[in-house]
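*Asks:* Structure below; questions to follow.
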Amino acid sequence: MKRFIISAIAYLCVLSTSIGQFELGVKAGVSSFDLANEGIIFKEGNSEYKLNFSNAEYGVHFGVYSKIRFLGLYLEPAVLLNSNTVNFNLEEISENGPLNTLKSETYRNVDIPLLIGAKLGFLRVQAGPVAHFYLNSTSDLFSFSGYKHNFKSATYGGQIGLGVDVWKFQLDILYETNLSKFGEHIEIDGEQFAFGDEAGRVILTLGARF
Numbered sequence: 001m002k003r004f005i006i007s008a009i010a011y012l013c014v015l016s017t018s019i020g021q022f023e024l025g026v027k028a029g030v031s032s033f034d035l036a037n038e039g040i041i042f043k044e045g046n047s048e049y050k051l052n053f054s055n056a057e058y059g060v061h062f063g064v065y066s067k068i069r070f071l072g073l074y075l076e077p078a079v080l081l082n083s084n085t086v087n088f089n090l091e092e093i094s095e096n097g098p099l100n101t102l103k104s105e106t107y108r109n110v111d112i113p114l115l116i117g118a119k120l121g122f123l124r125v126q127a128g129p130v131a132h133f134y135l136n137s138t139s140d141l142f143s144f145s146g147y148k149h150n151f152k153s154a155t156y157g158g159q160i161g162l163g164v165d166v167w168k169f170q171l172d173i174l175y176e177t178n179l180s181k182f183g184e185h186i187e188i189d190g191e192q193f194a195f196g197d198e199a200g201r202v203i204l205t206l207g208a209r210f
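In terms of my numbering, the sequence shown opens at residue 1 and continues consecutively.
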C-alpha cells in the first residue's frame, strides 16, 4: 500500500511537467458521516446487546491533487489520507433495564477520488467515482471476545458537489455515497452484521495550487 501511494503521488508530479493545462496542489479538510440508525442486535454468552450508531466525530483528510483542463472541462484526481471516528451506543438488555455504554471506532483509509467538472459562472460543478483503500483501524468493540473486524481491502462510491476558486485556493463541498453498507465489517461470533444504510459523507475541503 505504501508503494502504491508513493507511485500515485509520483505519477501526479510527472504529469505536471508533461501536460500544459495542468495544475498540482495540496488539499485538506473535514468530513462527517450521514447515517441512519437502525442498530444491530447480537448475543454474547447469556447477555443480549443492541449496537446503535450514536454520532460521528469530524473526520480529517489531507493529500495532493491535480487538475487537467480540456474542452471546457477538467479532470481532478487526488490521493488523500483520511481518518474518521464513529461513536456507537451499546445497550445491554437486562431484566433490570438497559445499561448503556459508548464505544468508538476509528477508520483510516487512502481515498482516491476522480472528479470531472465544469465551471458555471463562479461555481464549479463536479462529480465522479471514489475508491477507499483500507489502511488500519482501532475499536473499543474488541472488548467483546467474539468480535472481529473484516474490512474489505477496497470499497467504492461516488461524489458530487460544488466548488469555488479564489486566487490560488479552491473550496469544495461534496456529498459522497458508497456501495457498501456501513458497519458490514463487524463480525461477532462468526456472524456478519451491517447497519441498514450505505455510508454517506459530507466533505468540506480547502485546496491550494502550487
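In this text, a Cβ means the ideal position worked out from N, Cα and C, and glycines have one as well.
#1: According to DSSP, simplified to helix, strand and coil, what is D215?
#2: To the nearest angstrom, how far is it from the Cα of Y134 to the Cα of F70?
#3: Of the residues L114, N52, I68, which one's Cα is nearest the Cα of L80?
#4: On the premise that E184 lies in contact with R201, defined as a C-beta separation below 8 Å, what is that separation, rounded to the nearest angstrom?
#5: Is the separation between the beta-carbon of F88 and that of N52 shorter than 8 Å?
#6: Helix, strand or coil for L115? Go by DSSP, reduced to three states.
#7: Just to confirm, does V130 get its C-beta within under 7 Å of one of the non-hydrogen atoms of the ligand ADP?
#8: Report yes or no: do three or more beta-carbon pairs, one from the region 131-149 and one from the region 161-174, lie closer than 8 Å?
#9: Under a three-way DSSP split, which group does A199 fall into?
#10: Measure the C-alpha to C-alpha separation of S66 and Q170 and round it to an integer number of angstroms.
*Replies:* Quick answer:
#1: Residue 215 is absent from the structure shown; the chain starts at 1 and stops at 210.
#2: 32 Å
#3: L114
#4: Not confirmed; about 16 Å, so no contact.
#5: yes
#6: strand
#7: Absence of the ligand ADP from the depicted structure is noted, as is the absence of any ligand whatsoever, leaving it without description.
#8: no
#9: coil
#10: 12 Å
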